[in-house]
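**Q**
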Amino acid sequence: MCLIDPVGDVYACPFVIHDEFLAGNIRNEGGFTKVWRESALFLSLREPESEGACTSCGSYDACQGGCMASKFFVGLELTDPDPECVLGNAEPYLAALATAGTAVPSSTADHSRPGVPVPSPVTLRPTRRQRV
26 MCLIDPVGDV YACPFVIHDE FLAGNIRNEG GFTKVWRESA LFLSLREPES EGACTSCGSY
86 DACQGGCMAS KFFVGLELTD PDPECVLGNA EPYLAALATA GTAVPSSTAD HSRPGVPVPS
146 PVTLRPTRRQ RV
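Numbered per our numbering, the sequence shown finishes at 157, counting up by one with no gaps.
#1: Using 9 Å as the threshold, is the C-beta distance between K96 and D107 below it?
#2: By alpha-carbon positions, which one of R62, E72, V99 and C92 ends up nearest to V111?
#3: So for V35, helix, strand or coil by DSSP?
#4: What are the boundary residues of the beta strand (DSSP E) that L103 is part of?
#5: Here's the rule I'm using: 16 or more other beta-carbon atoms within 10 Å means buried, otherwise exposed. How should D44 be labelled?
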């Protein structure tokens, strides 16, 4: 699953619009097909995970290491366990981050719309009685 934003940038995760998850742009030569098949990010994400805490877990085949976004937003590596792991495998990693005072990542891009919000009036459809 991926996300294509309004300017054509392709991100590997729809929940992490951040430079680290930017795979390419569909407006470049080759379009989406080239980004999907040839971007370094997608190629690396398709590689089987051979190291990291999750590969030895008996539940790895089911969860595949968990959610990239959850790991990213708390400062964990993608090879670390998901912070919401139901087996509690991430607890030592989260404790180490707290001890080290690791900063939470933030985006360098601003994808908000500049200027005044566009008004969007919301009205109810008239009932039959009101139309008569």
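Glycine included, C-beta positions come from ideal geometry on N, C-alpha and C.
**A** Reading off the structure:
#1: When the beta-carbon positions are compared, K96 and D107 come within less than 9 Å of each other.
#2: Considering only alpha carbons, the answer is C92.
#3: Note: V35 maps to strand in three-state DSSP.
#4: Counted as a single uninterrupted DSSP element, the stretch harbouring L103 is not any beta strand (DSSP E), since DSSP gives it neither H nor E.
#5: It is exposed - the Cβ of D44 has fewer than 16 other Cβ atoms within 10 Å.
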